């Protein structure tokens with residue numbers, strides 16, 4: 001760890017009276033996501049990039065009980081990409097014993113570097129997982145159109161909002177044994193589908209990003225709504241695309 | 001903007017210790033509606049008309065995080081109908097940068113002018129949307145009878161309450177690319193179905209109104225209950241009308 | 001109204017620091033029941049009998065917003081049974097304009113007089129209503145066995161708890177246009193099924209009672225659980241009785 | 001009762017300012033579990049073993065209203081196994097009249113003695129019960145694989161976490177009339193399936209344990225998620241094992 005900050009400087013990175021400080025937001029939003037069923041059983045989470053700093057929740061902890069002092073802070077500029085096995089630079093590591101940064105770190109980085117996202121949310125929502133299960137094993141993507149909630153989703157997650165008549169398409173990638181091993185296939189899907197605002201992971205969940213935490217959150221809500229109604233439509237044998 | 005009020009007079013329109021002040025109610029009710037799944041992803045909302053003032057939430061923001069100072073106030077008497085492309089008179093515009101009034105404004109106005117409603121609620125409830133999806137493409141309305149919850153709904157949304165033996169009928173209109181473009185078709189449906197307490201919008205949601213915010217809210221709850229049970233009944237192949 | 005109490009004496013009947021005072025309990029429990037979906041749209045509620053006093057919520061109001069000062073108090077001993085058209089004696093009528101006592105009053109009285117219940121809960125739970133809809137039109141009762149949650153239900157609602165191997169049976173009566181008109185048929189069903197802990201009302205909801213508010217509440221929860229799982233079992237074509 | 005502690009020493013066992021004290025945790029967690037639908041109608045609960053002390057909630061009470069002073073404390077070392085009919089040693093019995101310790105006591109003890117667990121959770125989750133109902137009557141266990149949430153579950157509930165490619169197997173035992181009578185069959189299933197992190201009880205619910213309360217809780221969440229999605233998959237005729 002190449003951290004040169006004093007203990008006081010490190011603490012100042014996460015302790016703030018401002019409810020919109022990333023360390024406070026991550027704690028609050030994880031509590032909200034827990035209520036939505038997105039991050040039960042320590043799964044899922046959110047990372048926020050503010051300027052040159054990236055704020056990360058710890059791995060494998062109860063997400064609804066995170067406190068600001070549990071937050072990791074990394075410089076966005078890393079000496080190497082924070083992929084599996086690579087070295088990672090930290091600005092702050094929580095003093096609480098046994099915490100390690102989110103296993104989703106390199107996946108969040110995909111959103112930050114490839115889409116210049118300001119925040120990335122990962123959920124284990126059952127709607128996302130059931131949707132992948134209801135797709136054929138070899139389906140490459142999920143498509144839906146003619147839904148008002150599509151209008152809350154941005155092209156590529158960070159561009160202009162979609163229209164009611166647009167078809168939203170989200171790639172589905174296979175899950176891997178280790179979360180970090182999704183890094184390459186997620187990046188490949190993001191390159192192949194530049195307009196996609198999210199990546200579905202079969203039998204696992206979804207990654208959603210946005211320019212800001214607000215946009216990442218509201219797009220996560222719109223997409224989760226669409227995943228849920230798509231599951232209902234598939235079970236009722238209604239077509240997802242078109243206005244029948 | 002023909003606003004002649006001072007900044008202090010404008011602020012006084014929305015800052016109040018009274019929890020039943022429209023600006024406080026809109027903030028509180030939007031938080032409640034969020035928990036019900038009615039206004040996720042910035043969708044939906046509520047407008048309250050009190051005397052000659054109309055209170056509106058901003059467009060495209062997280063509805064569960066609205067504060068009273070984010071509320072727009074318009075005179076009910078407008079120099080022209082606040083339809084797409086028309087000028088709108090304001091009494092107060094929030095000082096926070098980037099806020100614009102709800103895109104549902106002309107639709108709320110339909111309820112205020114055609115039904116003399118005191119409040120109008122718009123939700124993206126999945127029960128409403130699934131109900132429209134389970135109706136044939138050319139269905140003009142949704143009908144249900146013999147449900148206790150029908151008794152909580154008023155004729156035309158503002159008249160006497162329905163009886164258990166009445167058949168409730170709610171028109172279904174097609175969605176449009178831009179929310180304001182629903183204005184004419186919603187008005188036409190309200191004219192054709194004078195007894196209807198709400199308008200369903202296919203693949204989008206529902207508009208519900210009442211004499212007061214309490215009546216708009218309780219009718220929204222009764223209708224959402226009926227939409228939900230109607231979806232369950234249709235999936236179980238039970239008839240919606242009659243007492244079989 | 002034969003009320004001889006002074007205004008101060010009347011207020012003392014409902015204003016208390018004790019969270020277990022019936023007027024406080026009714027307000028709190030209605031908020032809880034709202035979250036469970038039992039009393040949306042002004043429907044449903046709870047009445048508590050404490051000694052010779054009966055505490056009642058108002059009719060047609062938002063149940064999750066009831067305050068202790070909105071509570072009616074009646075003497076349990078009435079000059080005539082508080083049935084439709086009959087006179088009712090009050091100890092306290094809320095001073096807030098426009099409130100009238102719950103339309104369920106004579107139905108709650110059935111539980112108080114026929115079962116010596118200390119509390120009676122009425123819900124519009126969709127699980128109860130769907131269950132009645134999934135029963136044949138001429139079914140007289142709902143039966144279920146071999147469910148752990150049956151053990152939380154008492155014989156007749158006020159006797160010994162049932163065993164896992166007992167078959168729980170709850171009569172289903174037809175709904176009527178006016179709630180009070182259910183009085184006779186509910187009483188007849190309670191006489192015919194002396195062991196039943198509740199009465200289901202087709203296309204309407206359920207009445208559940210107990211010796212105390214705690215027993216009425218926990219039995220309402222057990223029964224609602226059983227209604228919900230019974231609906232799921234019927235839709236999955238699983239038999240409700242027996243251990244297949 | 002072989003209790004030699006003074007009243008003050010007994011109270012000191014459960015009254016603490018530390019939110020992580022077992023008596024505070026049991027109260028808080030039962031409120032949380034109630035919101036999840038795991039402990040409605042007085043069912044279910046959690047026991048925590050801390051060093052040589054075991055903390056137990058009372059039997060047959062509203063689990064969401066438990067206070068620290070309602071908690072029983074037993075020495076982990078008992079003069080005999082706390083099975084049906086056996087004597088039990090207590091360190092503290094609540095002074096509130098009518099409370100008796102959880103009927104699950106010997107089942108919790110199974111987890112403490114056979115797995116050296118630090119906490120054991122029992123829920124009546126409908127997902128667990130529906131899952132047992134959707135299995136053939138003679139099925140001995142539930143199996144699932146290829147789900148990300150499997151990675152939150154530990155071998156035997158207390159060992160290493162499972163991999164995405166592992167098949168999770170949980171035995172299903174028959175329910176009995178009296179909860180304590182499950183003791184032997186639960187122990188037998190735990191011996192036969194040493195890797196199982198939980199025991200499903202047909203038509204009843206599930207027992208889940210872990211090294212700590214945090215692990216018992218997060219594993220209960222992961223398993224409940226898996227039970228829920230398994231029910232959805234069975235209803236949609238999707239295989240639970242394999243990656244089709």
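Protein chains in written order, with the numbering used here: chain S, 1 to 244; chain L, 1 to 244; chain Z, 1 to 244; chain P, 1 to 244. We treat Cβ as the ideally placed atom computed from N, Cα and C, and that holds for glycine. Since the model is a prediction, treat every value here as computed from it, not as a measurement.
Where the beta strand (DSSP E) containing residue i begins and where it ends
| i | result |
| --- | --- |
| residue 198 of chain P | 198-201 |
| residue 139 of chain P | Element bounds for residue 139 of chain P: n/a, residue is neither H nor E. |
| residue 90 of chain L | Counting along the chain, residue 90 of chain L falls outside any beta strand (DSSP E), and DSSP gives it neither H nor E. |
| residue 50 of chain S | 45-50 |
| residue 244 of chain S | Segment: none, residue 244 of chain S is in no beta strand (DSSP E) and carries neither H nor E. |
| residue 72 of chain L | 72-75 |
| residue 172 of chain P | 167-173 |
| residue 66 of chain L | Note, residue 66 of chain L: premise wrong, no beta strand (DSSP E); not H, not E. |
| residue 119 of chain S | 119-123 |
| residue 209 of chain L | 205-210 |
Closer than 8 Å to chain Z by CB, residue i
| i | result |
| --- | --- |
| residue 31 of chain P | no |
| residue 130 of chain P | yes |
| residue 177 of chain P | yes |
| residue 24 of chain L | no |
| residue 2 of chain P | Unreliable placement is indicated for residue 2 of chain P, whose pLDDT of 48 sits below 50; no coordinate value is reported for it. |
| residue 10 of chain P | no |
CB contact flag (residue i, residue j, <8 Å)
| i | j | result |
| --- | --- | --- |
| residue 210 of chain L | residue 57 of chain L | no |
| residue 219 of chain L | residue 156 of chain L | no |
| residue 154 of chain S | residue 175 of chain S | no |
| residue 135 of chain L | residue 164 of chain L | no |
First and last residue of the uninterrupted alpha helix (DSSP H) at residue i
| i | result |
| --- | --- |
| residue 109 of chain P | 105-114 |
| residue 26 of chain S | 22-35 |
| residue 215 of chain Z | 213-235 |
| residue 268 of chain Z | Within the shown structure, residues of chain Z are numbered from 1 to 244, placing residue 268 of chain Z beyond reach of any answer. |
| residue 183 of chain P | 183-192 |
Cutoff 8 Å: residue i Cβ touching any chain S Cβ
| i | result |
| --- | --- |
| residue 62 of chain L | yes |
| residue 105 of chain L | no |
| residue 205 of chain L | yes |
| residue 149 of chain P | yes |
| residue 190 of chain P | no |
| residue 43 of chain L | yes |
Cβ of residue i within 8 Å of any chain A Cβ
| i | result |
| --- | --- |
| residue 21 of chain P | Protein chains in the displayed structure are S, L, Z and P, and chain A is not among them. |
Closest residue to residue i among the options (Cα-Cα distance)
| i | options | result |
| --- | --- | --- |
| residue 139 of chain P | P:34, P:8, P:114, P:169 | P:169 |
| residue 66 of chain Z | Z:115, Z:26, Z:89 | Z:26 |
| residue 39 of chain L | S:41, S:221, S:182 | S:221 |
| residue 97 of chain L | L:206, L:79, L:59 | L:59 |
| residue 47 of chain Z | Z:63, Z:35, Z:36, Z:41 | Z:63 |
| residue 49 of chain S | S:189, S:215, S:4 | S:215 |
| residue 161 of chain Z | Z:195, Z:179, Z:30 | Z:195 |
| residue 141 of chain L | L:148, L:150, L:149, L:131 | L:131 |
| residue 229 of chain L | L:148, L:193, L:100, L:43 | L:148 |
| residue 70 of chain S | S:178, S:150, S:41, S:14 | S:14 |
| residue 241 of chain Z | Z:12, Z:166, Z:121 | Z:166 |
Residue burial classification, residue i (beta-carbon count within 10 angstroms, cutoff 16)
| i | result |
| --- | --- |
| residue 197 of chain P | buried |
| residue 8 of chain S | exposed |
| residue 87 of chain L | exposed |
| residue 102 of chain L | buried |
| residue 2 of chain Z | Reliability of the predicted coordinates at residue 2 of chain Z is poor, the pLDDT of 48 falling under 50, and the value obtained from them is presented with this limitation in mind. Its Cβ having fewer than 16 others within 10 Å, residue 2 of chain Z is exposed. |
| residue 224 of chain S | buried |
Cβ of residue i within 8 Å of any chain P Cβ
| i | result |
| --- | --- |
| residue 125 of chain Z | no |
| residue 98 of chain S | no |
Chain L contact for residue i (CB, 8 Å cutoff)
| i | result |
| --- | --- |
| residue 133 of chain Z | yes |
| residue 236 of chain S | yes |
| residue 40 of chain Z | yes |
beta-carbon residue i near the ligand FMN non-hydrogen atom, thresh 7 Å
| i | result |
| --- | --- |
| residue 49 of chain S | The ligand FMN is not among the ligands present in this structure, which contains no ligands whatsoever. |
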